[in-house]
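Per this note's numbering, residue 7 is the first one in the sequence shown, and the count goes up by one each step. One structure below.
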Amino acid sequence: MQPSRLAAVLGFLGAFIGSFLPWVTVGVFSVAGTDGDGGITLALALVGGLVIGLSRSPAASIVAGLIALAVVGVASYDAVNISNKANAANTIVQLHASIGAGLVLVLVSSIMASFASFAHAGAQGKSRPIQEFACSECSFTVRSDARYCPNCGVEFSPPQVRRYRRVE
Ligand SMILES: [Zn+2]
7 MQPSRLAAVL
17 GFLGAFIGSF
27 LPWVTVGVFS
37 VAGTDGDGGI
47 TLALALVGGL
57 VIGLSRSPAA
67 SIVAGLIALA
77 VVGVASYDAV
87 NISNKANAAN
97 TIVQLHASIG
107 AGLVLVLVSS
117 IMASFASFAH
127 AGAQGKSRPI
137 QEFACSECSF
147 TVRSDARYCP
157 NCGVEFSPPQ
167 VRRYRRVE
């Protein structure tokens with residue numbers, strides 16, 4: 007697996023795991039992400055991970071990057087929201103309410119997933135597309151890396167390999 011794809015998959019995995027972990031900690035109590043918007047980030051991370059894991063085109067990788075950005079958006083919104091609520095609450099809660107490890111993990115992981123997905127889209131764009139040729143024997147369309155024609159079975163070989171023909 008290419009490094010950019012691997013980094014993106016790990017990012018989505020981190021966001022997925024982080025969705026289950028505490029997003030808010032108030033003293034000894036904590037609220038898991040899945041009790042709130044964690045359900046959204048969980049689903050997005052799952053879809054994003056599948057999209058980048060199976061991506062065969064730059065467009066698909068860009069879609070994965072946008073999904074990761076959506077996770078960043080939801081997690082950022084919640085982080086700000088938790089801070090605001092903690093500030094508005096009484097001083098005891100204010101002192102003890104804090105952003106949980108799960109939300110931090112979701113934020114960091116989704117940022118990584120978005121960067122890696124866009125980087126992967128760039129790498130895919132640069133790589134040479136697979137070219138197709140017509141078989142000189144039967145005109146069947148074959149990939150440039152084919153060694154034999156899948157239709158008529160003729161062998162394709164570079165001219166330096168075989169410069170002779172069998173005597174009929
Ligand atoms: Zn052929």
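Positions of the beta carbon are idealized from the N, C-alpha and C atoms, including for glycine. Quick caveat: nothing in here was measured; it's all calculated off a predicted structure.
Where the alpha helix (DSSP H) containing residue i begins and where it ends
i: Arg11; result: Pro9 to Gly24
i: Thr47; result: Gly44 to Leu60
i: Ser116; result: Ala107 to Lys132
i: Ala140; result: Segment Glu138 to Ala140 is the beta strand (DSSP E) holding Ala140; no alpha helix (DSSP H) there.
i: Ala85; result: Pro64 to Ala94
Residues of its chain near residue i, where Cβ-Cβ distance is below 8 Å and the 5 sequence neighbours each way are ignored
i: Phe146; result: Ala140, Cys155, Pro156, Asn157 and Cys158
i: Ser25; result: Gly39, Thr40, Gly44, Gly45, Thr47, Leu48, Ala51, Gly108 and Val112
i: Met179; result: Summary: the structure shown does not reach residue 179, with the chain confined to residues 7 through 174, and so no result is reported for it.
Spatial neighbours of residue i in its chain, beta-carbon cut-off 7 Å, leaving aside the 5 residues before and after
i: Ala70; result: Ala14, Gly54, Val57, Ile58, Ser61 and Ser123
i: Val37; result: Pro28, Trp29 and Val30
i: Gln130; result: Ser63, Pro64 and Ser67
i: Ala76; result: Leu50
i: Ser104; result: Thr31
i: Ala81; result: Thr47, Leu109, Val112, Leu113 and Ser116
Residue interval of the beta strand (DSSP E) (run including residue i)
i: Thr31; result: Pro28 to Val32
i: Ala152; result: Here Ala152 belongs to no beta strand (DSSP E), and DSSP marks it neither H nor E.
i: Phe162; result: Segment: none, Phe162 is in no beta strand (DSSP E) and carries neither H nor E.
Cβ-Cβ separation, residue j to residue i (assumed contact under 8 Å), whole Å
i: Leu27; j: Gly106; result: 7 Å
i: Arg153; j: Glu161; result: 7 Å
i: Ser163; j: Gly17; result: Not quite, the Cβ-Cβ distance comes to about 44 Å (not below 8 Å), so this is no contact.
i: Ser10; j: Ala125; result: 4 Å
i: Gly42; j: Asp84; result: 7 Å
Same chain, Cβ closer than 6 Å to residue i, neighbours up to 5 away in sequence not counted
i: Ile117; result: Val78
i: Ile88; result: Val30 and Ile105
i: Gly20; result: Leu111 and Ser115
Beta bridge counterpart(s) of residue i as assigned by DSSP
i: Thr147; result: Ala140
i: Val37; result: Val30
Proximity test, Cβ basis, 8 Å: residue i and chain B
i: Gly54; result: Among the chains of the structure shown, chain B does not appear; only one protein chain is present.
For ligand 2, which residues count as neighbours when the test is a C-beta closer than 6 Å to any heavy atom?
-> Absent from the structure shown: ligand 2. Ligands present: ligand 1.
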